[in-house]
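> Numbering-wise, this note's numbering comes out as the position in the sequence shown, counting from 1, plus 9. Quick one: the structure is below, questions incoming.
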Amino acid sequence: MNSLIKELNSKLFTISQGGGDIARKRHQERGKLLPRQRIDRLLDPSTAFLELSPFAGYELYDEDVPAGGLITGIGRIQGWIVLPNHGEEAFESTRNCTRQQLAMCISRGGANLPRQADVFPDKEHFGRIFFNQANMSAQGIPQISAVLGSCTAGGAYVLKNQGTIFLAGPPLVKAATGEAITAEALGGADLHCRTSGVTDYMAQNDEHALLLAPIKVKEVTIVPPKEPLYDCSELGGIVGTNFKRPFDMRKVIARILDGSEFHEFKEMYGTTLVTGFGRLYGYPVGIVANNGILFSESALKGAHFIELCNSRKIPLVFLQNITEAGGIAKNGAKMVTAVSCARVPKFTWSEKDEEEFKKPIYEQYEREGSPYYSSARLWDDGIIRPQDTRKVLGLAVSASLNKRIERTDYGIFRM
């Protein structure tokens, strides 16, 4: 028995190395962590990791394929049991779709092209992953991706100067079009965070990306409340009475949320709308705050974020100081649809008189544009002092969670 255990341990050690010394050294010289080091950083300290199918692909191919090119297993992140996986290249033996029941993915690579005929055809093979991902998303199962290398043919977190996402890499682009382009320009972090909106966050390196991912898991939990670092009584001075004077909505957010902690979503994309996660008296909430005129990219970001919060059953808090939405009829409609159909609790805090109450005649505006006019007609639930914002929102969120959240059905989104 001891000899059998020794043989097993030897094989497992070889698999855990993930390749030869030269390949490992080349990987580390690029400033990257090894796959199993990434998983260690991702999991809660001093907790176990149960690896699944480490012998996948063992002696099935001419070359060594440690763990079938994909590390999968069960571990704890922020106390939650998740299924982290780290992908290199997909082989037929990977059978990744059997590992997707509760997936938290750190992905890279693509299919092994010389063997693609063995990878895609079967219903349980690689193509099934996309089917499973779409259906798991519909079931409300969170999936978080960190792009730590080249992700071809397909992310939430993308690594600056290392992570890239594109359908075809620079060599294929040059062969097809004759254009020479760098991987970073074709599908790098800055492009996808700032221009395309494909990714939600930019990480500076492996370590940073693996710190960001657990924060996303923690967002859905209820924790003990904390006071903001900034006094809520300062809100009146920040907002003021001059509606034409711009101010940064993040200053308002910092005086409302627990610990003034705000994890901004798509910070570099659609910058005139601020979206992100925080807590009110320990309860997770999603913040949607306009920070200027709402443009097309901002509306798309807002629709995406609202759907995300609705899927996770996270209440939404709207902070608004304008209603301008010129020139975005199509994408603005997406955001309107997302807000209208979302079944999670929604709260709005407005710093100015509602624009829709304005009338051509100034006297009528003075009367009907007043917040007292709308509140008297029960168009809202009341008028509050700025310094009471945090307390009122906290009570409202707490009360709203007693109601069962209904299933959400969306109409057709305008493309």
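The C-beta atom is built at its ideal place from N, Cα and C for all residues, glycine as well.
Does the CB of Val248 have a neighbour CB from chain C at under 8 angstroms?
In the displayed structure, chain C is absent; only one protein chain is listed.
> Please work out which residues of its chain come closer than 6 angstroms, Cβ to Cβ, to Asp257, disregarding the five sequence neighbours upstream and downstream, and give them in chain order.
On the sequence shown, position 248 is the one that residue 257 refers to. None.
> Quick one: using the 10 Å Cβ neighbour count with 16 as the cut-off for buried, is Gly27 buried or exposed?
What you label residue 27 is simply residue 18 of the sequence shown in a count that begins at 1. Burial call: buried.
> Could you pull out every residue in the same chain whose Cβ sits closer than 6 angstroms to the Cβ of Phe327, ignoring the five residues on either side in sequence?
Taking the first residue of the sequence shown as 1, we reach residue 327 at position 318. Around Phe327: Val297 and Thr357.
> What residue range is occupied by the uninterrupted alpha helix (DSSP H) comprising Ala212?
Indexing the sequence shown from 1 puts residue 212 at position 203. Looking at the DSSP string, Ala212 is not in any alpha helix (DSSP H); the run it does join, the beta strand (DSSP E), is Tyr210 to Ala212.
> What is the DSSP secondary structure of Leu17, counted as helix, strand or coil?
Sequence index remark: in the sequence shown, residue 17 carries index 8 (1-based). In the structure shown, Leu17 sits in a helix (DSSP, three-state: H, G or I).
> Between the Cα of Pro54 and the Cα atoms of Ile323, Gly84, Ser25 and Lys34, which residue gives the shortest distance?
Locating residue 54 in the sequence shown gives position 45, counting from the first residue. Of the listed residues, the one whose Cα sits closest to Pro54 is Gly84.
> Relative to the C-alpha of Pro293, which candidate in Thr281, Arg376, Ile393 and Ser409 has its C-alpha closest?
Start at 1 with the first residue of the sequence shown, and residue 293 comes out as number 284. Measuring from the Cα of Pro293, the nearest candidate turns out to be Ser409.
> Nearest by alpha-carbon distance to Leu309: which of Leu200, Leu157 and Lys275 is it?
Counted from its first residue, the sequence shown places residue 309 at position 300. Nearest C-alpha to Leu309: Lys275.
> So the candidates are Gly291, Leu303 and Pro324; which of them puts its Cα closest to the Cα of Val232?
The residue you call residue 232 lines up with position 223 of the sequence shown. Cα-wise, what sits closest to Val232 is Gly291.
> Taking the alpha carbon of Val207 as the reference point, which residue from Lys235, Asp30 and Phe314 has its own alpha carbon closest?
Residue mapping note: residue 207 aligns to position 198 of the sequence shown, counting from 1. It is Phe314 whose Cα lies nearest to the Cα of Val207.
> Exposed or buried, which one is Pro255 when buried takes at least 16 other CB atoms within 10 Å?
Here residue 255 refers to the residue found at position 246 of the sequence shown. Per the 10 Å Cβ criterion, exposed.
> Can you tell me whether Asn319 is buried or exposed, with buried defined as 16 or more other CB within 10 angstroms of its CB?
Position 310 of the sequence shown, counted from the start, is the residue given in the question as residue 319. By the neighbour-count rule (16 or more Cβ atoms within 10 Å), Asn319 is buried.
> What span of residues does the beta strand (DSSP E) with Pro233 cover, start to end?
Walking along the sequence shown from the start, residue 233 turns up at place 224. Unbroken run through Pro233: none, as it is neither H nor E.
> Could you check how far apart the C-beta atoms of Pro75 and Ile24 are, in whole angstroms? I think they sit under 8 angstroms.
Along the sequence shown, one-based indexing puts residue 75 at 66. Along the sequence shown, one-based indexing puts residue 24 at 15. 5 angstroms between Cβ atoms; contact.
> Taking only the alpha-carbon atoms, compute the straight-line gap between Gly426 and Arg45 and give it to the nearest angstrom.
Residue 426 lies beyond the residue range present for the chain, which begins at 10 and ends at 424; the question has no answer from this structure.
> At which residues does the alpha helix (DSSP H) containing Val353 begin and terminate?
Numbered from 1 along the sequence shown, position 344 holds the residue referred to as residue 353. No alpha helix (DSSP H) contains Val353, which DSSP labels as neither H nor E.
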